Amino acid sequence: SDLPECLCKNPVHQMGKIGVPIIGALKGHVITGGFELALACDILIGESSTKFRDTHVKFGLAPCWGLSQKLQRKVGSGRAKLASLAAMPINSDLA
Numbered sequence: 014s015d016l017p018e019c020l021c022k023n024p025v026h027q028m029g030k031i032g033v034p035i036i037g038a039l040k041g042h043v044i045t046g047g048f049e050l051a052l053a054c055d056i057l058i059g060e061s062s063t064k065f066r067d068t069h070v071k072f073g074l075a076p077c078w079g080l081s082q083k084l085q086r087k088v089g090s091g092r093a094k095l096a097s098l099a100a101m102p103i104n105s106d107l108a
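So the sequence shown is residues 14 to 108, counted in this note's numbering.
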């Protein structure tokens with residue numbers, strides 16, 4: 014939600030207000046909320062075994078921290094739809 018009382022509790026919104034680059038170190042599985050937090054980082058560093066997965070659709074949820082917009086900007090519309098609508102894991106090579 015964009016309500017002020019909700020934004021103060023939104024970690025992705027708070028990350029955007031920091032004013033310095035955020036480097037995310039990734040290892041293992043980056044799933045749903047972790048995926049959204051990773052997309053809020055300016056630089057991502059991860060192992061070759063890192064896998065990304067958006068499972069919002071699997072549970073009938075809508076991304077609320079900007080995953081649907083940020084993922085599309087980073088990987089293009091087609092790959093973003095594949096990741097979000099199929100809830101398939103994406104390996105680091107494809108990412």
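A virtual CB, placed ideally from N, CA and C, is assigned to each residue, including glycine. Predicted model only: the values in this text are computed from it and were never measured.
How should ALA93 be labelled, buried or exposed, when 16 other C-beta atoms within 10 angstroms of its C-beta is the threshold for buried? Counting every other CB atom within 10 Å of its CB across the protein chains shown gives ALA93 a total of 16 or more, marking it as buried.
With DSSP as the reference, identify every bridge partner of PHE65, one or two as the case may be. VAL43, ILE103.
Unbroken alpha helix (DSSP H) run spanning GLY59, endpoints: For GLY59, there is no enclosing alpha helix (DSSP H); the enclosing beta strand (DSSP E) has its first and last residue at 56-59.
By the 10 Å Cβ neighbour count, where 16 or more other Cβ atoms means buried, how is PHE48 classified, buried or exposed? Counting other Cβ atoms within 10 Å of its Cβ, PHE48 reaches 16 or more and is therefore classed as buried.
Using three-state DSSP, classify GLY89 as helix, strand or coil. Here GLY89 sits in coil by DSSP.
My output table needs one value for GLY73: the three-state DSSP class, helix, strand or coil. In the three-state reduction of the DSSP assignment, GLY73 falls in the coil class.
Name the DSSP beta bridge partners of GLY37, please? For GLY37, which the question treats as bridged, DSSP gives the partners LEU57.
What is the residue span of the alpha helix (DSSP H) that GLY29 lies within? Note, GLY29: alpha helix (DSSP H), 24-30.
Considering only C-alpha positions, which residue in the set GLN82, ILE58, LYS22 is nearest to GLY41? If we check each option's Cα against that of GLY41, ILE58 comes out closest.
Output the distance between the C-alpha atoms of VAL70 and TRP78, rounded to the nearest integer angstrom. The straight-line gap from Cα to Cα measures roughly 15 Å.
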